[in-house]
Amino acid sequence: RLASEIQRVQKHGQISDRITREAEDFSIGPADKLYTTELVGSLIFQYNLQDKTFSTLTDLSPNTVKGIKVLRSGDLAVCLLDKDNFTISKQSKRTIRILNPAGKFLSDIEFAGNSSNKLFVNPHRVEERMDDFCVVDRLSVNEGRLIVVSKSSKVRFTYTGFEKDPKHRFDPRDVVAASDDSIYIADRNYGIHQLTPLGLFARYLITYEDSLFRPLAVTIDDEQTVWVGCEKGIVQRLKTQCCDVFIEESDIPESCA
26 RLASEIQRVQ KHGQISDRIT REAEDFSIGP ADKLYTTELV GSLIFQYNLQ
76 DKTFSTLTDL SPNTVKGIKV LRSGDLAVCL LDKDNFTISK QSKRTIRILN
126 PAGKFLSDIE FAGNSSNKLF VNPHRVEERM DDFCVVDRLS VNEGRLIVVS
176 KSSKVRFTYT GFEKDPKHRF DPRDVVAASD DSIYIADRNY GIHQLTPLGL
226 FARYLITYED SLFRPLAVTI DDEQTVWVGC EKGIVQRLKT QCCDVFIEES
276 DIPESCA
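One point on numbering: in this note's numbering, the residue at position 52 of the sequence shown is 77, and numbering is uninterrupted.
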């Protein structure tokens with residue numbers, strides 16, 4: 026992610042489309058529409074992959090936008106911050122904003138239940154899982170947590186990592202939910218965490234010891250192949266089968282992951 030160019034890449038590695046726009050994050054929606062958030066900005070763009078048209082969907086200024094996810098309903102979930110820092114106050118706005126496909130406001134996921142307790146410090150990425158949102162929440166430049174919250178703002182669980190060794194400080198950068206409701210987290214400082222549907226640590230899918238280098242993005246396709254985008258333009262494909270992992274590596278920029 027954090028791409029100066031977004032590439033659409035076929036599974037065998039051939040580039041089929043290029044979008045020369047800087048983006049913080051992106052998500053594919055119905056009818057081959059690609060939605061992107063502006064890098065260090067407030068704009069959400071829509072790109073039609075069929076006719077190659079590009080337009081601004083909405084401007085959420087003065088706020089900053091980060092992660093984006095097209096929901097099963099067709100609506101958009103967007104990580105929105107009033108300030109891109111790690112200090113919150115009563116006036117702070119740190120939320121998952123729900124927009125309709127035209128970019129109009131629907132709701133905010135900001136507080137825990139009916140309380141005044143803010144859910145997020147610096148919401149970075151968002152994923153949909155059944156009736157929940159999985160949110161990568163940054164706590165500092167090199168540390169974060171995963172918060173799974175219902176669409177009615179009830180906290181399901183919070184995950185802060187498995188290793189307690191300071192050199193393996195939990196540094197989540199992306200999250201994806203599988204069809205069985207298990208969760209995969211790209212931890213830039215160590216590897217790919219796999220969680221059970223209830224939020225318990227299941228295993229490391231892959232770590233630095235397995236030649237992984239600073240994962241920044243993770244997704245999973247219909248064949249249950251996990252794609253991991255890393256620094257230095259490397260994408261690794263992990264074909265999971267029961268408890269075994271088969272690793273393939275491609276020189277594909279991480280912007281495709």
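Each residue gets a CB set at the ideal place from its N, CA and C atoms; glycine is no exception.
- Of the residues assessed, residue 87 falls on the exposed side of the cut-off, its CB having fewer than 16 other CB atoms within 10 angstroms.
- Apart from sequence neighbours up to five positions away, the residues of its chain that approach residue 213 with a beta-carbon distance below 7 Å are 196, 198, 239, 240 and 241, ordered along the chain.
- For residue 146, the closest C-alpha among the options 128, 130 and 120 is that of 120.
- A distance below 7 Å between beta-carbons, with the five flanking residues on each side excluded, links residue 53 to the following residues of its chain, in chain order: 59 and 95.
- Fully contained in the stretch 112-178 are the following beta strand (DSSP E) runs of length 3 or more, in chain order: 119-124, 130-134, 148-154, 157-165 and 168-175.
- Bounds of the beta strand (DSSP E) holding residue 184 are 180-184.
- Taking residue 245 as the centre and dropping the five residues before and after it, the same chain places the C-beta of 201, 203 and 251 closer than 6 Å to its C-beta, in chain order.
- Where residue 91 is concerned, the enclosing beta strand (DSSP E) starts and stops at 89-95.
- For residue 135, the closest C-alpha among the options 127, 128 and 123 is that of 123.
- About 7 Å separates the Cβ atoms of residue 158 and residue 176, confirming a contact at the 8 Å cut-off.
- In the structure shown, residue 215 falls within a coil segment according to DSSP collapsed to helix, strand and coil.
- Residue 189 sits in coil when the DSSP states are folded into three classes, being neither helix nor strand.
- In this structure, residue 163 lies away from residue 185, with their beta-carbon atoms at least 8 Å apart.
- Contact between residue 220 and residue 227 holds, with the beta-carbon distance rounding to 6 Å and staying under 8 Å.
- Shown here, residue 258 sits in a helix according to DSSP, grouped into three states.
- In terms of Cα proximity to residue 208, the closest of 249, 132, 105 and 128 is 249.
- No Cβ-Cβ contact shorter than 8 Å links residue 258 with residue 233.
- The three-state reading of DSSP puts residue 57 in helix, counting H, G and I together.
- When secondary structure is reduced to three states using DSSP, residue 84 falls in the strand class.
- In the three-state reduction of the DSSP assignment, residue 42 falls in the strand class, which pools E and B.
- Checking the DSSP bridge columns, you'll see residue 62 partnered with 50 and 69.
- When C-alpha distances from residue 165 are compared across 189, 102, 179 and 112, the shortest belongs to 112.
- If you look at residue 199, you'll find it in the beta strand (DSSP E) that goes 197-202.
- Counting along the chain, the unbroken beta strand (DSSP E) around residue 240 starts and ends at 240-245.
- For residue 229, the enclosing beta strand (DSSP E) begins and ends at 226-232.
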